[in-house]
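Protein chains in written order, with my numbering: chain F, 660 to 810; chain C, 135 to 428.
Okay, here's the thing in structure tokens:
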């Protein structure tokens with residue numbers, strides 16, 4: 660009796676300690692999809708800003724519009740508690756997010772503002788685009804610096 | 135019997151004396167600093183390339199990169215290090231240091247009181263720098279705002295809490311020669327100076343052995359994060375396929391070739407390094423690709 664109880668509690672400890680898979684919580688995959696869409700549009704905007712591709716006002720405007728709308732996606736169901744990197748293997752979201760939710764939210768609002776600024780100027784030529792893309796990058800980096808695992 | 139005991143004692147004393155000698159803090163010859171005058175304006179570029187602010191700036195959000203009050207925490211396998219105040223405050227910073235003391239600290243890891251610094255401070259990299267650049271850096275740092283925040287003592291376990299033990303580490307692992315050698319172009323040579331002596335990329339991007347010495351055979355090939363969880367990615371070897379354009383653009387903007395954005399400790403590195411001139415970032419990129427072909 661005592662032995663089976665020990666084995667049982669040991670199994671429970673192992674089960675609790677083992678990192679879960681992202682599929683266990685669909686919010687993780689959904690928010691990762693959101694980040695992929697940021698990158699998909701930044702590839703156009705940043706690509707033009709860096710000279711990887713030629714500036715095209717219509718294309719830049721479309722990408723900036725997309726980014727604006729994606730950053731308006733309501734976040735309330737994307738970050739459930741317990742979906743950090745200490746419990747889920749596929750995420751780089753640090754547990755610190757949930758310890759500093761106000762700051763995390765403020766950094767997301769800063770991204771929304773930067774993407775609005777980019778939307779305003781993306782079609783106005785390369786010189787207007789460049790600093791606005793830089794500001795979006797800064798907003799991304801500010802959050803990654805504090806709240807994303809190294810890799 | 136008595137003679138044998140004397141022999142053991144004598145050998146023991148000799149061994150102790152040898153160990154004491156090997157682990158002694160070694161400073162630069164006094165003549166090195168004596169013949170140098172620092173140019174504060176030229177020192178700003180060294181400050182940015184050397185990434186001093188990445189570790190020594192305050193820890194609060196939006197902290198000024200030029201107020202080097204310290205406080206950042208580095209949890210390592212040896213214990214927790216706290217970045218000290220290196221602002222020019224005379225009591226809590228380095229305001230009372232002479233240029234010679236500064237050069238010994240940065241290039242030899244020896245404090246003005248003659249003690250070893252722990253190698254969390256990357257003096258093993260700065261040891262390769264041109265002393266003139268370090269004199270310029272000293273002049274520049276003395277122009278930055280003073281801050282009176284006291285430095286926090288490191289929290290280390292035995293035997294790492296004995297500073298003298300760092301002498302063993304230095305004897306084993308500090309090498310003043312370049313890691314990437316051979317027939318380098320002028321651009322690669324400039325990049326090597328920036329990357330190996332100043333920006334100290336390898337301190338995080340190269341794996342270390344059990345004693346914390348850098349494994350130069352796996353130079354820049356990625357490593358466990360030395361202070362925290364996760365891994366620092368490879369920037370050499372098969373796992374790294376960026377072009378020179380990609381590397382330079384990343385150091386300038388933080389955007390990876392797939393338009394992810396740098397985070398973690400690299401975000402701070404880029405905040406400083408990204409202010410260098412574009413040809414200097416291109417030189418670092420050329421060096422990194424050269425290092426990857428070794």
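Ideal Cβ positions, reconstructed from N, Cα and C, are used throughout, including at glycine.
For residue 404/C, which residues in the same chain have their Cβ closer than 7 Å to its Cβ, ignoring the five residues on either side in sequence? 385, 388, 396
Does any residue of chain F have a CB that is nearer than 8 Å to the CB of residue 304/C? The C-beta of residue 304/C comes no closer than 8 Å to any C-beta of chain F.
Nearest-angstrom Cα distance between residue 182/C and residue 234/C? 21 Å
With 16 other Cβ atoms within 10 Å as the buried cut-off, status of residue 712/F: exposed
Going by DSSP in three states, residue 752/F sits in which element: helix, strand or coil? When secondary structure is reduced to three states using DSSP, residue 752/F falls in the strand class.
Three-state class that DSSP yields for residue 165/C in the structure shown: helix
Please list the terminal residues of the continuous alpha helix (DSSP H) segment that includes residue 694/F. In the DSSP assignment, residue 694/F falls within the alpha helix (DSSP H) that extends over 685-708.
Nearest chain F C-beta to residue 411/C closer than 8 Å, yes or no? no
Kindly list the residues whose CB is nearer than 6 Å to the CB of residue 429/C, restricted to its own chain and excluding five residues on each side of it in sequence; keep chain order. Outside the displayed range of chain C (135 to 428) lies residue 429/C, so it cannot be described from this structure.
For residue 382/C and residue 323/C, the rounded distance between their alpha carbons: 16 Å
Would you mind listing the beta strand (DSSP E) stretches within the region 135-210 of chain C that are 3+ residues and don't spill past its ends, in chain order? 207-210
Determine, for residue 215/C, whether the minimum Cβ-Cβ distance to residues of chain F falls below 8 Å. no
Quick one: is residue 171/C near chain F, going by C-beta distance under 8 Å? no
Cβ neighbour criterion (16 or more within 10 Å) applied to residue 140/C: exposed
Listed from N- to C-terminal order along the chain, which residues in the region 394-425 of chain C have their beta-carbon within a distance smaller than 9 Å of any beta-carbon of chain F? For the region 394-425 of chain C, which is checked against every Cβ of chain F, the residues closer than 9 Å are 394, 395, 396, 397, 398, 399, 400, 401, 402, 404, 405.
Excluding sequence positions up to five away, which residues of its chain have a Cβ less than 8 Å from the Cβ of residue 293/C? 299
Chain-ordered chain B contacts of residue 163/C [CB-CB under 9 Å]: Considering every chain present, this structure includes no chain B. Its protein chains are F and C.
Tell me residue 250/C's beta-bridge partners as DSSP assigns them. Bridge partners of residue 250/C: 244/C.
Would you kindly check if the distance between the Cβ of residue 174/C and the Cβ of residue 277/C is under 8 Å? yes
Spell out whether any CB of chain C is found under 8 Å from the CB atom of residue 810/F. yes
My parser needs the alpha helix (DSSP H) runs of 4 or more residues fully inside the region 328-408 of chain C; what are they? Runs of the alpha helix (DSSP H) inside the region 328-408 of chain C: 336-339, 378-387, 398-407.
Are the C-beta atoms of residue 794/F and some chain C residue less than 8 Å apart? no
Please confirm whether residue 803/F has its beta-carbon closer than 8 Å to some beta-carbon of chain C. Answer yes: the Cβ-Cβ gap between residue 803/F and chain C drops below 8 Å somewhere.
What is the DSSP secondary structure of residue 262/C, reduced to helix, strand or coil? coil
Closer than 8 Å to chain F by CB, residue 362/C: At least one chain F Cβ lies under 8 Å of residue 362/C.
Tell me where the beta strand (DSSP E) around residue 213/C begins and ends. 213-216
Listed in chain order, which residues of the region 382-393 of chain C have Cβ atoms closer than 8 Å to some Cβ of chain F? 383, 387, 388, 389, 392, 393
Would you kindly work out how many angstroms separate the C-alpha atoms of residue 752/F and residue 807/F, rounded to a whole number? 5 Å
Using only CA atoms, which one of 265/C, 187/C, 203/C lies nearest to residue 168/C? 265/C
Given a cut-off of 8 Å, decide if residue 226/C and residue 159/C are closer than it, judged by their beta-carbon atoms. no
C-alpha distance - residue 783/F paired with residue 727/F, whole-angstrom precision: 16 Å
Quick check on DSSP: helix, strand or coil for residue 743/F? coil
Does any C-beta atom of chain F lie closer than 8 Å to the C-beta of residue 341/C? no
In the DSSP assignment, the alpha helix (DSSP H) including residue 422/C goes from what residue to what residue? 412-426
Limits of the alpha helix (DSSP H) - the one that residue 314/C falls within: Counting along the chain, residue 314/C falls outside any alpha helix (DSSP H), and DSSP gives it neither H nor E.
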